[in-house]
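**Q** Below is a structure I'd like to ask you about.
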Amino acid sequence: LYDSDYVAKHTEGFEALKERTAHTTPEAMSPICGVSPEDLRTVARGYAKAKSAIIFWGMGVSQHTHGTDNSRCLISLALLTGNVGRAGTGLHPLRGQNNVQGASDAGLIPMFFPDYKPVDDAETRAKYEDLWQTELDVERGMTVVEITNA
77 LYDSDYVAKH
87 TEGFEALKER
97 TAHTTPEAMS
107 PICGVSPEDL
117 RTVARGYAKA
127 KSAIIFWGMG
137 VSQHTHGTDN
147 SRCLISLALL
157 TGNVGRAGTG
167 LHPLRGQNNV
177 QGASDAGLIP
187 MFFPDYKPVD
197 DAETRAKYED
207 LWQTELDVER
217 GMTVVEITNA
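If you're matching positions, the sequence shown starts at 77 in the working numbering and goes up one per residue.
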């Protein structure tokens, strides 16, 4: 159920992953997931055999205690099936607020300019001052946690 050509050309560590996950059969995972082994197989086959597939996930997956591992598993799944880098494929974490990603990309984070360039870097700040024709603060703004604790 994996794209052997894609895995060979674009990934590393496949054999180690295969060995590490050998015990994760549908029967072993069914009680943990609360889904029958048959349904797990159906979903796995559907995703793996799709011409193109996208994974969307909400904050519960990434903000869980094991959120980083959860996200890495989804990334591995997309890579194993070659469902990245083509139209109709990819990984899309859904954020908690409307367009928080776009706002962040555009520089609406208190410690970054657009494209996540640090506010407290003199060279970066000079480039943005020149571009925007205005003087910018030399200190970064506070995060929500910092504001709360101030």
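For every residue, glycine included, the Cβ atom is placed at its ideal position computed from N, Cα and C. The structure presented is a predicted model; accordingly, all values stated were derived computationally and were not measured.
Might you give, ordered along the chain, the residues of its own chain that have their beta carbon closer than 6 Å to the beta carbon of residue 133, omitting 5 neighbours on each side?
**A** Residue numbering aside, residue 133 sits at position 57 when the sequence shown is read from its first letter. Excluding residues within five positions, the ones whose Cβ falls inside 6 Å are 169.
**Q** Am I right that residue 186 and residue 217 are in contact with their C-beta atoms under 8 Å? What's the rounded C-beta distance?
**A** Residue 186 sits at position 110 when you count from the first residue of the sequence shown. Residue 217 sits at position 141 when you count from the first residue of the sequence shown. Contact flag correct, Cβ pair sits at about 3 Å.
**Q** Work out the CA separation of residue 143 and residue 150 for me, nearest whole Å.
**A** Mapped onto the sequence shown, residue 150 falls at position 74. Mapped onto the sequence shown, residue 143 falls at position 67. Spanning the two alpha carbons is a distance of roughly 11 Å.
**Q** Do residue 200 and residue 82 come within 9 Å of each other at the CB atom, strictly closer than that value?
**A** Indexing the sequence shown from 1 puts residue 82 at position 6. Indexing the sequence shown from 1 puts residue 200 at position 124. No, Cβ-Cβ distance for residue 82 and residue 200 is not below 9 Å.
**Q** Which residue marks the beginning of the beta strand (DSSP E) containing residue 167, and which one marks its end?
**A** By 1-based counting over the sequence shown, the position of residue 167 is 91. Counting along the chain, the beta strand (DSSP E) containing residue 167 begins and ends at 166-169.
**Q** Do you know how far the Cα of residue 103 is from the Cα of residue 91?
**A** Position 15 of the sequence shown, counted from the first residue, corresponds to residue 91. Position 27 of the sequence shown, counted from the first residue, corresponds to residue 103. Looking at the two C-alpha atoms, the distance is approximately 22 Å.
**Q** Which first and last residues belong to the beta strand (DSSP E) in which residue 130 is found?
**A** As a working mapping, residue 130 is identified with position 54 in the sequence shown. First-last of the beta strand (DSSP E) with residue 130: 130-133.
**Q** At what residues does the alpha helix (DSSP H) containing residue 184 begin and finish?
**A** Taking the first residue of the sequence shown as 1, we reach residue 184 at position 108. No alpha helix (DSSP H) holds residue 184; DSSP gives it neither H nor E.
**Q** Where residue 227 and residue 220 are concerned, what is the direct C-alpha to C-alpha distance, given to the nearest angstrom?
**A** With the chain covering only 77 through 226, there is no way to say anything about residue 227.
**Q** Whole-angstrom Cβ separation of residue 131 and residue 167, contact assumed at under 8 Å?
**A** Taking the first residue of the sequence shown as position 1, residue 131 is located at position 55. Taking the first residue of the sequence shown as position 1, residue 167 is located at position 91. Their Cβ separation, rounded to whole angstroms, is 5 Å, which keeps residue 131 and residue 167 in contact under 8 Å.
**Q** Could you give the C-beta distance for residue 159 and residue 128, rounded to a whole number, given that I count them as a contact under 8 Å?
**A** For the purposes of this step, residue 159 is identified with residue 83 of the sequence shown, where counting begins at 1. For the purposes of this step, residue 128 is identified with residue 52 of the sequence shown, where counting begins at 1. Indeed, because the Cβ distance is near 7 Å, the residues count as touching under 8 Å.
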